[in-house]
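Residue numbers (the numbering used here): 2 to 211.
Contents: one structure, followed by commentary.
Pasting the structure below:
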């Protein structure tokens, strides 16, 4: 998906000549120390950063110059680490917001999300801002899935959650991968994440080794 990516901020390159591949139904994980460029790499793939060098492709098409919202329409979804739910809206309203780009009826997809995350069905009318950190992550995850993505990118999905919730989230990630969605995630819990990964990338000083 990303070939020889070089990008950064304020004229300073944070990632340098890295290549990341995501295949259908595959879980790929990016790990590395703080400041290694993990989140920067993901933003480069999403078009949130202008590349100094390299290219991004999707389904064999070059999307390097495509705007982030157009990449979403193609089938690329992203769950940021923070500020990833609408706290003043209910769980179900958050999910509905995720389906805004789709013209067809989304009720069946909402039920699919509730089957994946049963606690969300119980709390469907509760404001997302009142939920625990782990439950918010499930809302954010579910909202991204409402777009019916082909590629799902997760930025530290288990940050700040308990070990039990972390295991549950990883189980759900595996389930989603089995449906054919390609998953790329940045993860601080490296050992656990690599245990479920089909492909792992280690970033150190902005460079990767697979």
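Built from N, CA and C at the ideal position, the CB exists for glycine as well.
Quantities reported herein were computed from a predicted structural model and do not represent experimental measurements.
May I ask which residues mark the beginning and end of the alpha helix (DSSP H) holding residue 92?
It spans 92–99 - the alpha helix (DSSP H) in which residue 92 sits, taken as one unbroken run.
Using the Cα positions of residue 74 and residue 108, report the straight-line distance between them to the nearest angstrom.
The C-alpha of residue 74 lies about 19 Å from the C-alpha of residue 108.
Might you give, ordered along the chain, the residues of its own chain that have their beta carbon closer than 7 Å to the beta carbon of residue 81, omitting 5 neighbours on each side?
Apart from the 5 residues on each side of it in sequence, residue 81 sits with its Cβ closer than 7 Å to the Cβ of 156 in its chain, given in chain order.
What span of residues does the alpha helix (DSSP H) with residue 154 cover, start to end?
Segment 152–156 is the beta strand (DSSP E) holding residue 154; no alpha helix (DSSP H) there.
Quick one: grab the DSSP three-state call for residue 194.
In the structure shown, residue 194 falls within a helical segment according to DSSP collapsed to helix, strand and coil.
Cα-Cα separation between residue 39 and residue 118, rounded to whole angstroms
Those two C-alpha atoms are separated by around 27 Å.
Residues that DSSP places opposite residue 128 in a beta bridge
Bridge partners of residue 128: 91.
Taking 8 Å as the threshold (C-beta atoms), are residue 99 and residue 144 in contact?
In this structure, residue 144 lies near residue 99, with their beta-carbon atoms less than 8 Å apart.
If residue 186 sits next to residue 158, beta carbons under 8 Å apart, how far is it from one beta carbon to the other, in whole angstroms?
In this structure residue 186 is in contact with residue 158, their Cβ atoms being roughly 6 Å apart against a cut-off of 8 Å.
Quick check: residue 178 and residue 27, are their CB atoms within less than 8 Å of each other?
Their beta carbons are under 8 Å apart, which means residue 178 touches residue 27 by this criterion.
Near residue 122, which residues of its chain fall below 7 Å by C-beta distance, leaving aside the five closest residues on each side in sequence?
The answer, listed in chain order, is 115.
Let me confirm a value: residue 192 is counted as buried when at least 16 other C-beta atoms fall within 10 Å, else exposed. Which label applies?
Within 10 angstroms of the beta-carbon of residue 192 lie fewer than 16 other beta-carbons, which makes it exposed.
At the level of alpha carbons, what is the spacing between residue 146 and residue 112?
Using only the alpha carbons, I get a separation of about 12 Å.
Sufficient close CB pairs (3 or more, under 8 Å) joining the region 13–32 to the region 40–57
By the C-beta criterion, the region 13–32 is judged to be in contact with the region 40–57, since at least 3 inter-stretch pairs fall below 8 Å.
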